[in-house]
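Each remark here refers to the structure printed beneath this line.
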Amino acid sequence: MKKKILMVDDEKDLLELTLMRLNKTGYEAFGAVDGQEALDLARQRMPDLILLDVVLPKMSGDEVTKILKKDENLKRIPIILISAAVEPLEEKAQKSGANGYLPKPFETEELCDMIEKHLAARTR
Amino acid sequence: MNIKAANPPELLPVSASSRMNVLKVGFIGFSYFLAHQAAFLFPDSARIIMAIWPAGGIGLASLLLNPRRQWPVILPVLFISGMAADLWVNRGFLLSAGFMTANILESLACAWLISRWCGGGVRFTRAKEVLALIVAATGVNTCTSLVGAGTAALISTKPFWSFWQTWWTADALGILLIAPLIVTWAVLPRSLFSRVCWPRVIELGISMVLWCVVAWVLFQSNGRLFSLSLQPYMLMPLIVWFALRFGQRSVMTALFALTAIAITSESMKTGIFPWLADDPAERLLTAQIFFGIVASTGMLLSAVHTERMQGAERLIASEARYRRLFETAQDGILILEAETGLVVDVNPFLIEMLGFSHASFLGKKIWELGFFKDREASKINFRELQQNEYIRYDDLPLETADGRQIDVEFISSGYEVNERKVIQCNIRNITERKRADEIRTKLVDAKSKFTSTVSHELRSPLATIKAATDLVLDGLAGPVSDEQKNLLGIAKENIDRLGRMANNVLTYKKIEAGKMRCDVQENDLNELIREVYKSAVLFAGNRKADFILELEKDLPRIKFDKDKIFQVLMNLMTNAFKYSEKGNMVLKTRRENNEVHVSVRDFGPGIKAEHLGGLFEPFSQEGENQKGGTGLGLAIAKEIVLAHHGRIWVESEVGKGSAFHFILPL
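As they're listed, the protein sequences go chains A and B. Take the first sequence: its position 27, counted from the start at 1, is 27 in our numbering, and no numbers get skipped. Take the second sequence: its position 374, counted from the start at 1, is 498 in our numbering, and no numbers get skipped.
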């Protein structure tokens, strides 16, 4: 069965492009553009991994992470924070409880490596 | 006038020309000879009834006016001159020698005592100097006149005690009257001639004439002016006049005039003040005591007065100086009585600063002044100040008369004046400075925010472009020809370049704001270099030269911030790629003592010596070799290496290439 990946980013172009790549690479990828939608989709479809932009409308990525990590059903989903912002991403990831982080712009290779790594860690 | 003469240089200085000195000593000798001669003229030297011995004063003055090292020359000259004068009047050689020995001893002892007590530059303008002179004339003279009287008793048949008495009184008067006369006139202030103050000259003339008239009448044989019998004490108010109004020089001149009138007067032949005593010798003695007392009183009075005037003048000068400081200070100054908090004085700057009138300050207590916002608090603060004697507020709000708020730096400290405590408050208006600081802080914040926003907004679309390019390049959007691949490769290379630039700008912003933090952990430097090499090669795209990594095996793990050193290595390596046209570049690591040395060498065009200095400064990109970029790469590298307590430098030769080195401590 294909692994399900949820990507959340308000940059619709980037979201679309990344989803396209992930789908072509063999995942079942779907997207959300704000925090609330992300939470809804996560509950609805139970993804295997979430790529989460930090700067989002309505609710920021790290807040979404905190909520997800408190949810008994969802807290085992690995979350990777992504951001182009200047603030220290690492600190945000640690505080919110995200499993990994990736600054923008990222290498496609980097992204793929990271996804594989976290999925593998979860299967184990 | 005498005040001005307080500290003039010596009139007879140790001249560079020895000719001047010879002339001076000759003059001293001649004067001494003349004074010796003059003494025999009056009043009855044959019976050794002598009123005054002026040579004693000349001898002392010549020593006081000259530095001690000249005394060994002056003393023999005095001795010889005195001997010559004695022999001239057919005195016996032995007697003359004995007398002169006594005279020389007297001058030497008196001069030594005075200069020992009062130091050099004696001008008799100080009470201490006059006292020393009186002690010398009465005390020292007592001993040396014993030598003279002894000689006289041994060699001639003169009665010892009466001879001693005559010697003592005449020499005492010589010392008291003549020595200060010469000393005060020897040094003249320039102002005496340049600034003639006519009312004073006229006043001096009148008093001098009056003095001489009184003295002359006094020494007429009957001492009567018409039916009025003049008494010697009538001279006293006149000498006080000289002492208080004209200073020591005029006192000495008046005394000299008095002595001259007395000695040349008719009554000298029969004895001065015939109404006082029957015996001429006794009458002379009375006169001598009179002279001595008038002289001592006048001189002392003048010296004490001069000293006071000098003190007052110094005080006036000091007051003018510091008053000016107070009046023109560009800070507000407030002076308070410590006991009560009453305002004693306030400077114009503070008046202007706060807009209250001068009168509204005076006589008020500090907490009653309108400009403190919290009256009770300022009262408490004043109590604190009274106890601690020092209080400082870096930023205190005050209210001006027209209701504006100003911010001041307020520093108070206490000190004592005439055993009363005073508190001085220095108040500096920092409103403008604060406003400027605020504006600057706002600007810095705005700049920082701008940089963050710009780089964020720059990086977001970059991520999208990159994702799109990668999709096409990887063939996920349909087949790609080699030519398309090549072109997209170029596009990707430049996307990365933009990304690096945005990163550099951000890093530099952090460095500038002092916000760069190094997350130092133990890492393998060689491994990091291999990692950087991989990325740098990706960035370099279709490169013409490659890197040879010469990494020392078993390099110890050292502590550094991986991301930051990554940036340093990346900046150095991409620079090398950028500038190398031919030949392979070399990256070396080497352990040297307690350090790790990293060098990045290229064989590019090299850098001219004049550009090397500013290479690590931001935006330096000097010379003709500009290849684009933010101009921040090396500046960032330097800051990061310095933050690791390391060093960074460059060696370069035009045409041969450059080598960038940095060292990290173990």
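Think of the CB as a built atom: it goes at the ideal place given N, C-alpha and C, for glycine as much as any other residue. Note that the structure is predicted; figures quoted are calculated from it, not measured.
Residue i in three-state terms, based on DSSP
| i | result |
| --- | --- |
| Asp53 (chain A) | strand |
| Met7 (chain A) | strand |
| Met709 (chain B) | strand |
| Asn717 (chain B) | coil |
| Phe495 (chain B) | coil |
| Gln434 (chain B) | helix |
| Tyr101 (chain A) | strand |
| Ser481 (chain B) | coil |
| Lys732 (chain B) | coil |
| Phe740 (chain B) | coil |
| Val246 (chain B) | coil |
| Leu675 (chain B) | strand |
| Lys489 (chain B) | strand |
| Glu416 (chain B) | The sequence shown places Gly at residue 416 (chain B), not Glu. In the structure shown, Gly416 (chain B) sits in a helix (DSSP, three-state: H, G or I). |
| Ile115 (chain A) | helix |
| Phe727 (chain B) | coil |
| Ile459 (chain B) | strand |
| Val541 (chain B) | strand |
| Val470 (chain B) | strand |
| Val722 (chain B) | strand |
| Lys75 (chain A) | coil |
| His768 (chain B) | coil |
Per DSSP, the bridge partner or partners of residue i
| i | result |
| --- | --- |
| Ser536 (chain B) | B:Ile515 and B:Cys549 |
| Leu647 (chain B) | The displayed chain sequence assigns Asn, not Leu, to residue 647 (chain B). In DSSP, Asn647 (chain B) forms a bridge with B:Ile682. |
| Gln194 (chain B) | Bridge partners of Gln194 (chain B): none, in fact. |
| Trp773 (chain B) | B:His785 |
| Ile530 (chain B) | B:Leu522 |
| Ile125 (chain A) | Residue 125 (chain A) cannot be examined here, being either before or after the span of chain A that is shown, 1 to 124. |
| Phe380 (chain B) | Answer is none; Phe380 (chain B) lacks a bridge partner. |
| Ala29 (chain A) | A:Ile5 |
| Gly602 (chain B) | B:Leu600 |
Residue i burial status per 10 Å Cβ neighbour count (16 or more: buried)
| i | result |
| --- | --- |
| Asn628 (chain B) | buried |
| Leu144 (chain B) | The sequence as given places Met at residue 144 (chain B); Leu does not occur at that position. With fewer than 16 other Cβ atoms within 10 Å, it is exposed. |
| Cys267 (chain B) | exposed |
| Ile689 (chain B) | buried |
| Pro57 (chain A) | exposed |
| Trp177 (chain B) | buried |
| Met694 (chain B) | buried |
| Thr436 (chain B) | One point to set straight first is that residue 436 (chain B) is Ala, not Thr, in the sequence displayed. Flag for Ala436 (chain B) reads exposed. |
| Glu748 (chain B) | Note that Glu748 (chain B) scores a pLDDT of 46, beneath 50, so its modelled location is shaky and nothing firm can be said. |
| Pro78 (chain A) | buried |
| Cys242 (chain B) | buried |
| Asp526 (chain B) | exposed |
| Met46 (chain A) | exposed |
| Ile413 (chain B) | exposed |
| Lys148 (chain B) | buried |
| Lys75 (chain A) | exposed |
| Ser426 (chain B) | buried |
| Lys633 (chain B) | buried |
| Thr464 (chain B) | exposed |
| Thr108 (chain A) | buried |
Contacts that residue i makes with chain C (C-beta to C-beta distance below 7 Å)
| i | result |
| --- | --- |
| Lys24 (chain A) | Protein chains in the displayed structure are A and B, and chain C is not among them. |
beta-carbon residue i near the ligand SAM non-hydrogen atom, thresh 7 Å
| i | result |
| --- | --- |
| Gly61 (chain A) | Among the ligands in the structure shown, none appear at all, so the ligand SAM cannot be discussed. |
Give the residues from the segment 575 to 596 of chain B that approach chain A closer than 7 Å (Cβ to any Cβ), ordered along the chain. Under the 7 Å Cβ criterion, the segment 575 to 596 of chain B contributes Ser576, Ser579, His580, Arg583, Ser584, Leu586, Ala587, Thr588, Lys590, Ala591, Ala592, Asp594 and Leu595.
With 8 Å as the limit, tell me which residues of the segment 643 to 657 of chain B have their beta carbon closer than that to any beta carbon of chain A; keep them in chain order. With the criterion set as a beta carbon lying under 8 Å from some beta carbon of chain A, the segment 643 to 657 of chain B has no members that meet it.
Indicate whether the contact test is met: 3 or more Cβ pairs, each with one atom in the segment 355 to 363 of chain B and one in the segment 232 to 252 of chain B, closer than 8 Å. The segment 355 to 363 of chain B vs the segment 232 to 252 of chain B: no contact.
For the segment 7 to 20 of chain A, which residues have a CB atom closer than 8 Å to at least one CB atom of chain B, in sequence order? Hits within the stretch, in order: Glu11, Asp13, Leu14, Leu17, Thr18 and Met20.
Anything in the segment 603 to 615 of chain B with a Cβ closer than 8 Å to a Cβ of chain A? List those residues in chain order, please. Against chain A - using a Cβ distance shorter than 8 Å - the segment 603 to 615 of chain B contributes no residues.
Which residues, taken in chain order from the segment 76 to 105 of chain A, show a beta carbon closer than 7 Å to some beta carbon of chain B? Within the segment 76 to 105 of chain A, the residues whose Cβ lies closer than 7 Å to any Cβ of chain B are, in chain order, Ala84, Ala85, Val86, Lys104 and Pro105.
Count Cβ pairs between the segment 474 to 492 of chain B and the segment 561 to 574 of chain B that sit closer than 8 Å; are there 3 or more? Touching, no, given that fewer than three Cβ pairs across the two stretches are closer than 8 Å.
Which residues, in chain order, does the segment 49 to 70 of chain A contribute to contact with chain B at a C-beta distance below 7 Å? Going along the segment 49 to 70 of chain A in chain order, one finds no residue with a Cβ nearer than 7 Å to chain B.
Evaluate the contact criterion for the segment 192 to 208 of chain B versus the segment 312 to 332 of chain B: three or more CB pairs, one atom per stretch, below 8 Å. With the cut-off at 8 Å, the segment 192 to 208 of chain B and the segment 312 to 332 of chain B do not touch.
With a threshold of 8 Å, are at least 3 pairs of Cβ atoms found where one atom belongs to the segment 5 to 24 of chain A and the other to the segment 592 to 605 of chain B? The segment 5 to 24 of chain A, when compared against the segment 592 to 605 of chain B, does touch it at the 8 Å Cβ threshold.
With a cut-off of 8 Å, do at least 3 Cβ pairs link the segment 775 to 782 of chain B to the segment 724 to 741 of chain B? Touching, per the Cβ criterion.
At a cut of 8 Å, does the segment 149 to 167 of chain B reach the segment 207 to 221 of chain B through at least three beta carbon pairs? Below 8 Å, enough C-beta pairs join the segment 149 to 167 of chain B and the segment 207 to 221 of chain B to call them touching: three or more.
Give a yes or no on contact between the segment 645 to 658 of chain B and the segment 607 to 623 of chain B, applying the rule of three or more CB pairs nearer than 8 Å. At 8 Å Cβ cutoff, the stretches do not touch.
Any C-beta of chain A within less than 9 Å: which residues of the segment 721 to 747 of chain B qualify? Of all residues in the segment 721 to 747 of chain B, none has a Cβ within less than 9 Å of some Cβ in chain A.
Counting Cβ pairs closer than 8 Å, one from the segment 283 to 300 of chain B and one from the segment 253 to 268 of chain B, do we hit at least three? In short, these stretches touch, since the Cβ pair count reaches three.
Short-range partners of chain A found in the segment 622 to 636 of chain B, where Cβ spacing is below 8 Å: Under the 8 Å Cβ criterion, the segment 622 to 636 of chain B contributes Gly623 and Leu630.
Could you say if the segment 271 to 290 of chain B and the segment 446 to 456 of chain B meet the contact criterion of at least three C-beta pairs nearer than 8 Å? Too few Cβ pairs lie closer than 8 Å, so no.
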